[in-house]
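Notes follow the structure.
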Amino acid sequence: MKRNQHSILNTRSLVMMALLVAIQIILARYLSIQSETFRISFETIPLALAGMWLGPLAGVIVALVADILGTVLSGIGLYFPPLSLGPMVFAFLCGIGGKYVRQVQRPLLSQVLMILLVVVAGIINSFLVGVATFVWYQIAVMGTEGSFWSLAAINFTSRLATKPLTIVVSALLVYAINRAAYRPVISRIMSRHRA
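Given below as structure tokens:
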């Protein structure tokens with residue numbers, strides 16, 4: 005009986021997911037720059053790679069597990085599940101889009117599409133889902149006074165200082181890592197036949 009090699013429950017996929025979770029936690033919790041008004045982090049890189057390399061469902065699982073474990077390990081305290089939606093949506097979009105980008109036969113177009121995919125997913129993560137869920141967190145958990153829309157406008161504006169550059173740099177790094185690692189290493193590891 006031949007097992008499905010593309011299943012996220014096979015050993016290789018689970019090990020790859022665990023590795024990407026660990027990298028995401030390190031980038032998000034220990035190698036990010038954060039103050040009261042801004043945050044610079046490249047934590048989305050392993051999420052994009054998880055979605056592209058292992059599929060959208062695996063990307064979503066990596067995002068969720070990394071967010072829960074990262075919250076516990078950093079000692080922040082209360083885990084607020086809606087804050088995981090942004091990274092989960094990001095990983096899902098990279099997984100869905102990555103499947104189609106890999107099918108493009110023209111190398112230059114494929115490269116441009118991969119960068120655009122990560123940029124668009126990053127914008128949706130940071131400026132749509134991220135703003136909405138963080139404002140929800142501010143109101144529900146922190147007890148911040150103000151209307152949803154006024155808090156959203158403030159949050160959106162504060163993200164404009166760092167997020168566009170971070171999104172573009174992350175997209176370029178995802179492209180570079182994928183180009184350097186996918187064909188020579190990752191695709192071979194993930195496609196080896198099991199006894």
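Under our numbering, the first residue of the sequence shown carries the number 5, and numbering increases by one thereafter.
Here a beta-carbon is modelled for each residue, glycine too, at the ideal position from N, C-alpha and C.
Predicted model, so just to flag it, every value in this text is computed and none were measured.
Of the listed residues the options, nearest to residue i (C-alpha basis)
i      : options                          : result
Thr137 : Ile30, Pro91 and Ser17           : Pro91
Lys167 : Lys103, Arg16, Val124 and Ile65  : Val124
Leu61  : Asn129, Leu169 and Gly99         : Gly99
Pro85  : Leu169, Ala70 and Gly63          : Ala70
Tyr186 : Gly55, Thr161 and Leu155         : Gly55
Gly101 : Met20, Val116, Leu89 and Ser88   : Val116
Tyr104 : Ile190, Trp57 and Thr170         : Trp57
Ser17  : Gly126, Ser154 and Gly63         : Gly63
Phe152 : Leu164, Ser162 and Val135        : Val135
Thr170 : Ser45, Ser78 and Ala22           : Ser45
Leu89  : Ala67, Val108 and Ile127         : Ala67
Thr48  : Ala95, Tyr141, Val145 and Val108 : Ala95
Leu164 : Leu132, Leu113 and Gly150        : Leu132
Neighbour flag for residue i against chain D, beta carbons, 8 Å
i     : result
Ile30 : Here there is only one protein chain, and chain D is not present.
Per DSSP, the bridge partner or partners of residue i
i     : result
Ile37 : Ile44
The alpha helix (DSSP H) enclosing residue i, as first and last residue numbers
i      : result
Asn159 : Phe152 to Arg163
Ile168 : Sequence check: residue 168 is Pro here, not Ile. Per DSSP, Pro168 belongs to the alpha helix (DSSP H) from Lys167 to Ala185.
Leu120 : Pro111 to Ile127
Thr137 : Gly134 to Tyr141
Residue i, DSSP secondary structure in three states
i      : result
Arg198 : At Arg198 the pLDDT is 43, less than 50, meaning the model places this residue with poor confidence; the figure from the coordinates comes in the next sentence. Correct three-state label for Arg198: coil.
Phe94  : helix
Leu18  : helix
Thr148 : coil
Gly4   : An answer regarding residue 4 cannot be provided, because it is not within the stretch 5 to 199 covered by the chain.
Tyr83  : coil
Leu77  : helix
Pro66  : Sequence inspection shows Val at residue 66; the Pro mentioned does not correspond to that position. Reduced to three states, the DSSP call for Val66 is helix.
Gln107 : coil
Leu24  : helix
Leu13  : coil
Ile190 : helix
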